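Below is one structure, written out as structure tokens; comments come after it.
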Amino acid sequence: MAYAQDCGPERLNKTNVVYLTLRIDGSLDEQARKAVDALLVEQRGRVVWHTSAATGRSYALLELSALPDVTQIAAAGANVYQTPIIALAVFPKVREALPPLLEALGGPGRPAAVLTCEPCSGGVVIEWDPQRASAAVILGLVDVELQRFNSGRTAELLSPLPPDSIARIAADGLQAPQVAPDRVLEMLLDA
């Protein structure tokens, strides 16, 4: 379930935007969501929420004009990332692939970009910094581990992403480096 809210009367100047990602484990507490929304009202920002029933987690992308004091948000039970992250749930078709996948992406030799790799029901949740590793690199590592077990996978994107991250992932996937935020029509219309 996704939920977005513009919390202020003015639109943000897209050149000076600060993005943060929040993760809330368990069901999304209405009071915690309202506390975050209230903070965004004060800051005239924007929040996009995504809740995953399969993983029991909620993520929010905060879009602000300045870095906020996150102590209120952390007190509401949220993990706060000072940058936009990618959170992806991966569900291997072969269950025996889970322990090696957890070790490869969550163990001591994991890629430096991976922030966490934790089990969820029937899969793993991988969180990483897209400034340090592309989605293609992380998904390539996932697929290498799964190939050892001849396993396919399904995946669910858990974290809302800012426009420049979406454009970068599309450019990588399409092998079209000309795809950039300043060339995506939807982003230009939103500006």
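The opening position of the sequence shown corresponds to residue 194 in the working numbering, with each subsequent residue numbered one higher.
Even for Gly, the Cβ is constructed at its ideal location relative to N, Cα and C.
Here the structure is a predicted model, which means the values were calculated and not measured.
Determine the contact status of I278 and D218, defining contact as a CB-CB distance below 8 Å. Here the question's residue 278 lines up with position 85 in the sequence shown. Here the question's residue 218 lines up with position 25 in the sequence shown. Contact flag unset, no.
For the 8 Å Cβ check, are there 3 or more pairs between the stretch 228–242 and the stretch 255–263? yes
Looking at the secondary structure, which residues open and close the alpha helix (DSSP H) in which S358 lies? On the sequence shown, residue 358 is found 165 positions in, with the first residue counted as 1. That run of the alpha helix (DSSP H) goes 356–367.
Rounded C-alpha distance that separates I359 from F342: As a working note, residue 359 is residue 166 in the sequence shown. As a working note, residue 342 is residue 149 in the sequence shown. Their Cα atoms are separated by approximately 31 Å.
I319 beta carbon less than 8 Å from that of V330: Residue numbering aside, residue 330 sits at position 137 when the sequence shown is read from its first letter. Residue numbering aside, residue 319 sits at position 126 when the sequence shown is read from its first letter. Taking 8 Å as the Cβ cut-off, V330 and I319 do not qualify as a contacting pair.
Under DSSP, the alpha helix (DSSP H) around P293 begins and ends at which residues? In the sequence shown, counting from the first residue as 1, residue 293 sits at position 100. From DSSP, the alpha helix (DSSP H) with P293 extends over 291–299.
Tell me whether the beta-carbon of L392 lies closer than 8 Å to the beta-carbon of A348. Nothing can be reported for residue 392, as the shown portion of the chain is limited to 194 through 384.
According to DSSP, what are the bridge partners of N272? Within the sequence shown, the letter at position 79 stands for residue 272. Looking at the DSSP assignment, N272 forms a beta bridge with R216.
Return helix, strand or coil for A267, following the three-state DSSP convention. Taking the first residue of the sequence shown as 1, we reach residue 267 at position 74. Three-state result, A267: helix.
Return the residue from the list V335, R361, Q368 that minimises the CA-CA distance to L295. Taking the sequence shown and counting its residues from 1, one reaches residue 295 at position 102. If we check each option's Cα against that of L295, V335 comes out closest.
Going by the DSSP bridge assignment, what does I319 pair with across the sheet? What you label residue 319 is simply residue 126 of the sequence shown in a count that begins at 1. Answer is L281, C310, bridged to I319.
Would you identify the three-state DSSP class for A348, choosing helix, strand or coil? Along the sequence shown, one-based indexing puts residue 348 at 155. Strand at A348.
Could you give the first and the last residue of the continuous alpha helix (DSSP H) run that contains R239? Residue 239 sits at position 46 when you count from the first residue of the sequence shown. Run containing R239: none in the alpha helix (DSSP H); it sits in the beta strand (DSSP E), 239–245.
Residue environment, A363, which counts as buried when at least 16 other CB atoms sit within 10 Å: What you label residue 363 is simply residue 170 of the sequence shown in a count that begins at 1. The residue in question, A363, is exposed, as its Cβ has fewer than 16 Cβ neighbours within 10 Å.
V211 by DSSP, collapsed to three states: which one? Counting from one through the sequence shown, the residue named residue 211 turns up at place 18. It is a strand residue.
Flag this pair as yes or no: are the beta carbons of L213 and V287 separated by less than 8 Å? Position 20 of the sequence shown holds residue 213. Position 94 of the sequence shown holds residue 287. L213 places its beta carbon 8 Å or farther from that of V287.
Pairwise C-alpha distance: G300 and T248: For the purposes of this step, residue 248 is taken as residue 55 along the sequence shown, with counting starting at 1. For the purposes of this step, residue 300 is taken as residue 107 along the sequence shown, with counting starting at 1. Distance between the alpha carbons of T248 and G300: 20 Å.
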